[in-house]
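A.B. asks: Just so you know, the sequences run in chain order A and B. Take 1 as the starting number for the first sequence in the UniProt record's numbering and just add one per residue. Take 1 as the starting number for the second sequence in the UniProt record's numbering and just add one per residue. Before I ask anything, let me first share the structure, which is written out below as structure tokens.
Protein chains: 2
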Amino acid sequence: MIIRIEPESEVPLYLQISNQIIEGIAREHIQPGQSLPSVRTFAADLGINMHTVNKSYHHLEQKGIIRIVPKSGAIISSPQDFNEASLERLKNDYRPLIAESLVVGMSNQQIQELVTSMIEEFKSSKEETQ
Amino acid sequence: MIIRIEPESEVPLYLQISNQIIEGIAREHIQPGQSLPSVRTFAADLGINMHTVNKSYHHLEQKGIIRIVPKSGAIISSPQDFNEASLERLKNDYRPLIAESLVVGMSNQQIQELVTSMIEEFKSSKEETQ
DNA sequence: AAAACTGTTCTATAAGATCTAGATCAAAAG
DNA sequence: CTTTTGATCTAGATCTTATAGAACAGTTTT
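Have a look at this one:
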């Protein structure tokens with residue numbers, strides 16, 4: 001799985017990593033049951049510190065997206081392992097974004113189309129091996 | 001317009017303020033052309049520092065949502081004043097959220113329903129004076 | 001005209017978040 | 001047994017967030 005880091009971004013490194021891993025799962029470039037690289041090798045690949053990758057993994061674990069097995073590795077969780085709480089959390093993340101979309105003048109339909117096209121963007125890249 | 005602050009939230013104060021102002025505009029509790037309270041009176045109402053409100057206002061100005069007239073006040077902008085760049089920015093904000101939704105097992109339809117219900121939540125509160 | 005209010009700008013301080021660095025540990029994997 | 005694993009600890013640098021107070025110059029109100 002290819003991760004691209006932007007050191008000059010205002011988005012923290014550990015969040016960039018988390019987000020791209022999530023996108024990688026959504027695109028099925030990596031699947032439930034599979035392991036992520038060790039924090040050390042991943043950090044070396046990205047040219048950043050081990051602790052930063054570790055923070056990213058724990059961030060993903062807190063979201064319930066991966067399961068960290070001490071002394072072993074990080075494994076992608078299955079979708080069915082999610083509770084109602086994570087959906088409530090997502091709802092709170094959508095709210096300000098949708099409010100802003102309405103404020104900048106997007107119509108109901110334009111927002112729906114944006115979401116649909118973005119979902120398609122993920123699903124269309126499912127078959128790609130890389 | 002009523003703003004509720006959560007000092008213990010992990011979301012910065014200035015962002016909480018920005019987001020709730022945006023939601024207030026989406027709900028039409030405040031409308032384009034109208035003024036926001038002065039940074040001093042707003043800060044006093046919320047029991048926080050003037051500079052924090054000031055930062056929030058500049059954050060909203062950067063998004064193009066309000067226009068700050070020096071020595072005068074902050075005025076809600078009209079939707080037609082938005083450019084293509086702000087739409088591109090929104091798209092990048094939607095991406096990680098939609099990816100996460102797919103990863104936690106939400107279907108295409110469930111995401112659409114979540115978005116629709118949230119849009120309705122805003123539009124249904126339009127008529128309320130408060 | 002005078003007073004009150006406006007956003008802007010400056011210095012300062014404190015606390016927290018982010019990132020890097022290096023070392024050690026005990027368990028798992030080879 | 002050797003290597004690798006995540007966990008944990010101290011440490012330091014930098015940036016962000018939030019507060020505080022003061023001063024300035026233009027606007028609005030009285």
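Backbone N, C-alpha and C fix where the C-beta goes; we use that ideal spot for every residue, glycine too.
Quick one: what's A74 of chain B bridged to in DSSP?
C.D. replies: In the second sequence, counting from the first residue as 1, residue 74 of chain B sits at position 74. Note: A74 of chain B sits in a beta bridge opposite B:I68.
A.B. asks: Considering just the uninterrupted stretch of the alpha helix (DSSP H) at H29 of chain A, what are its terminal residues?
C.D. replies: Position 29 of the first sequence holds residue 29 of chain A. That residue, H29 of chain A, is in no alpha helix (DSSP H); it is neither H nor E in DSSP.
A.B. asks: Starting from the Cα of F122 of chain A, find the closest Cα among B:V104, B:E6, B:R95 and B:I111 and give me that residue.
C.D. replies: As a working note, residue 122 of chain A is residue 122 in the first sequence. Answer by Cα proximity: B:R95.
A.B. asks: Scan the stretch 60 to 77 of chain A for residues whose Cβ lies nearer than 8 Å to a Cβ of chain B and list them as they occur along the chain.
C.D. replies: Hits within the stretch, in order: K63, G64 and I65.
A.B. asks: Can you list the residues of chain B that Y94 of chain A reaches, using a CB-CB cut of under 8 Å?
C.D. replies: Position 94 of the first sequence holds residue 94 of chain A. Those within 8 Å of Y94 of chain A in chain B are L97, L114, V115 and M118.
A.B. asks: So is E10 of chain A in contact with chain B if we call contact Cβ pairs under 8 Å?
C.D. replies: Taking the first sequence and counting its residues from 1, one reaches residue 10 of chain A at position 10. No - not a single Cβ of chain B is within 8 Å of the one on E10 of chain A.
A.B. asks: Which whole-angstrom value describes the C-beta separation of S18 of chain B and L87 of chain B, a residue pair presumed to lie in contact below a C-beta threshold of 8 Å?
C.D. replies: Residue numbering aside, residue 18 of chain B sits at position 18 when the second sequence is read from its first letter. Residue numbering aside, residue 87 of chain B sits at position 87 when the second sequence is read from its first letter. The pair is not a contact, with the Cβ atoms about 18 Å apart (cut-off 8 Å).
A.B. asks: Can you give me the C-alpha to C-alpha distance between V69 of chain B and V104 of chain A, rounded to a whole angstrom?
C.D. replies: As a first step, residue 69 of chain B is located in the second sequence; it is residue number 69 there, counting from the start. As a first step, residue 104 of chain A is located in the first sequence; it is residue number 104 there, counting from the start. The straight-line gap from Cα to Cα measures roughly 20 Å.
A.B. asks: May I ask which residues mark the beginning and end of the alpha helix (DSSP H) holding S96 of chain B?
C.D. replies: Stepping through the second sequence from its first residue, residue 96 of chain B is reached at position 96. This sequence places Pro at residue 96 of chain B; Ser is not what is there. E84 to V103 is the span of the alpha helix (DSSP H), which, as asked, contains P96 of chain B.
A.B. asks: If I measure Cβ to Cβ from I3 of chain A and keep anything under 7 Å in the same chain, skipping five residues before and after, which residues do I get?
C.D. replies: By 1-based counting over the first sequence, the position of residue 3 of chain A is 3. I17, Q20 and L46.
A.B. asks: In three-state DSSP terms, what is S107 of chain A?
C.D. replies: Taking the first residue of the first sequence as position 1, residue 107 of chain A is located at position 107. If DSSP states are grouped into helix, strand and coil, S107 of chain A belongs with coil.
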